[in-house]
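Colleague:
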Amino acid sequence: NAGVMQNPRHLVRRRGQEARLRCSPMKGHSHVYWYRQLPEEGLKFMVYLQKENIIDESGMPKERFSAEFPKEGPSILRIQQVVRGDSAAYFCASSPGPGLSSYEQYFGPGTRLTVT
Amino acid sequence: AQSVAQPEDQVNVAEGNPLTVKCTYSVSGNPYLFWYVQYPNRGLQFLLKYITGDNLVKGSYGFEAEFNKSQTSFHLKKPSALVSDSALYFCAVRGVGGATNKLIFGTGTLLAVQP
């Protein structure tokens, strides 16, 4: 059973460009979460999605950031007009549907975004 | 607001000795608590969780954690440390309120096990 997959693993963008980060959850998981890890810091929650629904986006910056989890295909975290402060590791996690097991989140290897 | 504190940036221990990585939490209601480990340039790996039941929770790789409600703590422990346990350890609590299932992480503790 493949784990959570993220691509690309490394992404370099110049200021002002767009960054698209993709996440495929574990097989059978219908919940996806995005977290950001800035250098020397812990992980900060960004957004929680189920298929075609945003459940909690309380951690998303108000501008330039968006996320989706379509009916088919991976979840996408999109950052428009990137700035140097967006440089970080972005981790995706997934969990099963309702029930106690939904509290266990399984993380992907992350995408390391560098903005030059 | 919910929060997690890991008071030690780094813990040093000799191989074969017991280890403890500390975590305290602040949350309204019953806490759901987690420990994750992160190796360099890797994602987080789930170690164990406390949802309900026994205060001593056993997890992966010989780790265990003790939930103490009166001290609002959830310390990670292992009876005998291995060099391969050297990594960054994160404590987390599930957010409460609404439909969220988000995790709120501590700042992490770097565990260094010397041979």
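Keeping their order, the protein sequence lines are chains A and B. Quick note: the first sequence uses our numbering, first residue 532, plus one each step. Quick note: the second sequence uses our numbering, first residue 215, plus one each step. Using N, Cα and C, we set each Cβ at its ideal position, and we do this for glycine too. Owing to the predicted nature of the structure, the values given are computational and were not obtained by experimental measurement.
Which term fits residue 320 of chain B, buried or exposed, when burial requires 16 or more other beta carbons within 10 angstroms of its beta carbon?
Modeller: Residue 320 of chain B comes out buried.
Colleague: Answer with yes or no whether the minimum CB distance from residue 560 of chain A to chain B is below 8 angstroms.
Modeller: By this cut-off, residue 560 of chain A is not an interface position.
Colleague: Any beta carbon of chain B sitting closer than 8 angstroms to that of residue 600 of chain A?
Modeller: Judged by the 8 angstroms Cβ criterion, residue 600 of chain A is not in contact with chain B.
Colleague: Near residue 557 of chain A, what residues of its chain come up, given a Cβ to Cβ distance below 8 angstroms and the 5 sequence neighbours on each side ignored?
Modeller: Cβ neighbours of residue 557 of chain A beyond the five flanking positions: 532, 533, 534, 535, 625, 637.
Colleague: Residues in the stretch 576-598 of chain A with C-beta within 8 angstroms of chain B's C-beta atoms, listed in sequence order?
Modeller: Against chain B - using a Cβ distance shorter than 8 angstroms - the residues of the stretch 576-598 of chain A are 576, 579, 586, 587, 589, 590.
Colleague: Just to confirm before moving on: does the CB-CB distance between residue 622 of chain A and residue 566 of chain A stay below 8 angstroms?
Modeller: Going by C-beta atoms, residue 622 of chain A is nearer than 8 angstroms to residue 566 of chain A.
Colleague: Listing by chain order, which chain B residues have their CB less than 8 angstroms from the CB of residue 637 of chain A?
Modeller: Correct list: 260.
Colleague: Who are residue 536 of chain A's beta bridge partners in DSSP?
Modeller: According to DSSP, which records beta bridges pairwise, residue 536 of chain A is partnered with A:555.
Colleague: Return the residue from the list B:325, B:305, B:316 that minimises the CA-CA distance to residue 219 of chain B.
Modeller: It is B:305 whose Cα lies nearest to the Cα of residue 219 of chain B.
Colleague: Would you mind telling me which residues of chain A sit closer than 9 angstroms to residue 315 of chain B, beta carbon to beta carbon, in chain order?
Modeller: Neighbours of residue 315 of chain B on chain A, chain order: 562, 564, 579, 586, 587, 626, 633, 634, 636.
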